[in-house]
Structure formats: structure tokens, C-alpha cells
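Novice:
Numbering (the UniProt record's numbering), first residue to last: 1 to 265.
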């Protein structure tokens, strides 16, 4: 299924940059070009939309506790929280990040934002109080080079795409390093600029392997499980993704700015 592809006659996107999936399976799309948030049901039908007050939105997450939509934007270095109907209910600014892409919220409400310019993950309380920063520039454990996106597991471990080091890094709930998955290459389990990342219903990790033009699935220990789309022309430079609990993944397809849906499990 492709949402927003020209041949479908559906709504088309100008510049989709971020995806998330709610507990009920609703797909949330941030279209930077239109300064809009659009929502779709599991069949790909548009169900609602609202405008946002910025053209610099980069990442989106759905709160696991109440279904609110969190958006990180880089014009004013802020995190905005909207109700599903589009009401802005909270916004905080922070000097502790400069250029964020990925954002996630845990069950306890803490917010994780990935700062690719500062090579770190910033952790905040729900009200925006800064907790700590994880990482610095480098190639070692708990070091990043241009990290982009993040996903949280059911046990509240989190996975970060350490994009320009061409790998994933996995951390426990408190931000302590647990492991690394991948290296630069084209074989199964290798990455070439991994970007979007999501966690499925069984804890599996799905990764958009951008410059290999494919999606890969790895286990919770970082070992390779399967390759979903393997450079066969269906995807071009896949960027952000969102993973459902029933074994599907949505991906922003650089080929035509559509949102494609694949079954991987």
C-alpha cells in the first residue's frame, strides 16, 4: 500500500519528514512542506489533519499514555505537544539541544530527543525539565556521529541510529550502553547511513538503511533477522519509518515522497 502516491489519486505530500503510529494503529505524518500533521487509518484513508506553527518540524512521537502527539522543531529548539484534534497543550524550549530529528516518549512520560548536531540524546521530564545528555561525538561506545532517530522498546530500552557511524546503539532505560549493531557495508546486518528506526510488537527492531535502499530487521540483541526490501527498486533513500504492533512498517519513500506500507512479519 502506498499513501500519497500520484497514481492513487489520494492526498499527496509536499515534504513528509516524520512518521509515528499510535496504539490504535493510526498513522501520523508530519508534512513539513504544508506545515501539517495528517492522520490515516490502517487502510490508508485520511481521517484528520491539523496545521502546526512551524516549517522546521523534524520528528514526531505519539504518547503511549494518552495518544497526544509530540513534535520536535528546530526553528525555536522546542518540543510541542498536541492533542489528536490539534490543540497545542504544551510547549517547552531548551538550550540543551540545537538540531533534533528523532523524538520518543516513554511510559513514564520522559522525553528523548536525538540531537544530530551535538551528537547526543537529550532526556527531559514531561514538563521539559532537563534530566541528562547521553553521548558525545566519536566512534566508541556511547559516542555518536550524526545520530538521527530513536525508538523505545516495551522494556524502555532505547535504540538510536548512529547514522554517520553506520550502526545502531542500544541503551538501557537509564541511558547506560548495552550494545552496538552493524557496520558500514552492503551485507545483511550492515548499514549505509541508517536513519529511521522502530520497534515491533515482539521487540524486533526495524531500520531504514537509506543508502542501501532497503529495510532491515534485527533482534533485540542486535543480530540480523531479515531484510524486508532489498534494493529492488521499490524504495529510494528510505528515511523515517513507523512500525506497527502487527508486523507492518510505514516508510517515507524518497522515490516519490509517498508513504509505503510493507509487511515484514
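Think of the CB as a built atom: it goes at the ideal place given N, C-alpha and C, for glycine as much as any other residue.
1) Compute the beta-carbon to beta-carbon distance between residue 50 and residue 86, rounded to the nearest angstrom, for a pair I have assumed lies under 8 Å.
2) Beta strand (DSSP E) containing residue 81: first to last residue?
3) For residue 166 versus residue 182, is the C-beta distance shorter than 8 Å?
4) Is it true that the CB of residue 97 sits closer than 8 Å to the CB of residue 115?
5) Look at residue 214 and residue 195 and say whether their C-beta atoms are less than 8 Å apart.
6) If you run the structure through DSSP and keep just helix, strand and coil, what is residue 163?
7) Identify the continuous beta strand (DSSP E) that holds residue 209 and give its terminal residues.
8) Tell me, please, which residues DSSP counts as bridged to residue 248.
9) Take the Cβ of residue 47 as the centre, count every other Cβ of all protein chains shown within 10 Å, and call the residue buried at 16 or more, exposed below.
10) Please state the DSSP three-state secondary structure of residue 107.
11) Output needed for residue 152: all residues of its chain with C-beta closer than 6 Å, excluding positions within five of it in sequence on either side, in chain order.
12) Which one of 40, 12, 118 and 29 has the shortest CA to CA distance from residue 148?
13) For the beta strand (DSSP E) that residue 36 lies in, which residues bound it at each end?
14) On the premise that residue 59 lies in contact with residue 100, defined as a C-beta separation below 8 Å, what is that separation, rounded to the nearest angstrom?
15) Rounded to the nearest angstrom, what separates residue 171 and residue 135 at their Cα positions?
16) What does DSSP give as the partner residues of residue 258 in its beta bridges?
17) Does DSSP put residue 212 in a helix, a strand or coil?
18) By the three-class DSSP mapping on this structure, what secondary structure does residue 96 have?
19) Pick helix, strand or coil for residue 101, following the three-state DSSP scheme.
20) Are there 16 or more other CB atoms within 10 angstroms of the CB of residue 209, so buried, or fewer, so exposed?
21) Could you give the distance in angstroms between the alpha-carbon of residue 205 and the alpha-carbon of residue 250?
Specialist: The relevant details are as follows:
1) By 1-based counting over the chain shown, the position of residue 50 is 50. By 1-based counting over the chain shown, the position of residue 86 is 86. With a Cβ gap of about 3 Å, residue 50 and residue 86 count as contacting.
2) What you label residue 81 is simply residue 81 of the chain shown in a count that begins at 1. Where residue 81 is concerned, the enclosing beta strand (DSSP E) stretches over 78 to 82.
3) Within the chain shown, residue 166 is the residue found at index 166, counting from 1. Within the chain shown, residue 182 is the residue found at index 182, counting from 1. Yes.
4) As a working note, residue 115 is residue 115 in the chain shown. As a working note, residue 97 is residue 97 in the chain shown. Contact flag set, yes.
5) Taking the chain shown and counting its residues from 1, the one referred to as residue 214 is at position 214. Taking the chain shown and counting its residues from 1, the one referred to as residue 195 is at position 195. Between residue 214 and residue 195, the C-beta gap is not smaller than 8 Å, which leaves the two residues out of contact.
6) Counting from 1 along the chain shown, the entry for residue 163 is found at position 163. It is helical.
7) Start at 1 with the first residue of the chain shown, and residue 209 comes out as number 209. Where residue 209 is concerned, the enclosing beta strand (DSSP E) stretches over 205 to 209.
8) Position 248 of the chain shown holds residue 248. Looking at the DSSP assignment, residue 248 forms a beta bridge with 263.
9) Position 47 of the chain shown, counted from the start, is the residue given in the question as residue 47. So residue 47 counts as exposed.
10) Within the chain shown, numbered from 1, the residue matching residue 107 stands at position 107. Three-state result, residue 107: coil.
11) Counting from one through the chain shown, the residue named residue 152 turns up at place 152. The residues are 104, 106 and 158.
12) Residue 148 sits at position 148 when you count from the first residue of the chain shown. Checked all of 40, 12, 118 and 29; the closest Cα to residue 148 is 118.
13) Position 36 of the chain shown holds residue 36. First-last of the beta strand (DSSP E) with residue 36: 36 to 40.
14) For the purposes of this step, residue 100 is taken as residue 100 along the chain shown, with counting starting at 1. For the purposes of this step, residue 59 is taken as residue 59 along the chain shown, with counting starting at 1. With 8 Å as the limit, residue 100 and residue 59 qualify as a contact, their Cβ atoms being about 6 Å apart.
15) Taking the chain shown and counting its residues from 1, the one referred to as residue 171 is at position 171. Taking the chain shown and counting its residues from 1, the one referred to as residue 135 is at position 135. Each residue's Cα considered, the two are about 11 Å apart.
16) The residue given as residue 258 occupies position 258 in the chain shown. DSSP output for residue 258 lists 253 as bridge partner(s).
17) Here residue 212 corresponds to residue number 212 of the chain shown, with the count starting at 1. DSSP places residue 212 in helix when its eight states are reduced to three.
18) For the purposes of this step, residue 96 is identified with residue 96 of the chain shown, where counting begins at 1. Residue 96 falls in the coil class under three-state DSSP.
19) Counting from 1 along the chain shown, the entry for residue 101 is found at position 101. DSSP places residue 101 in strand when its eight states are reduced to three.
20) Mapped onto the chain shown, residue 209 falls at position 209. Residue environment for residue 209: buried (at least 16 other C-beta atoms within 10 angstroms of its C-beta).
21) Along the chain shown, one-based indexing puts residue 205 at 205. Along the chain shown, one-based indexing puts residue 250 at 250. Taking the straight line joining both Cα atoms gives about 13 Å.
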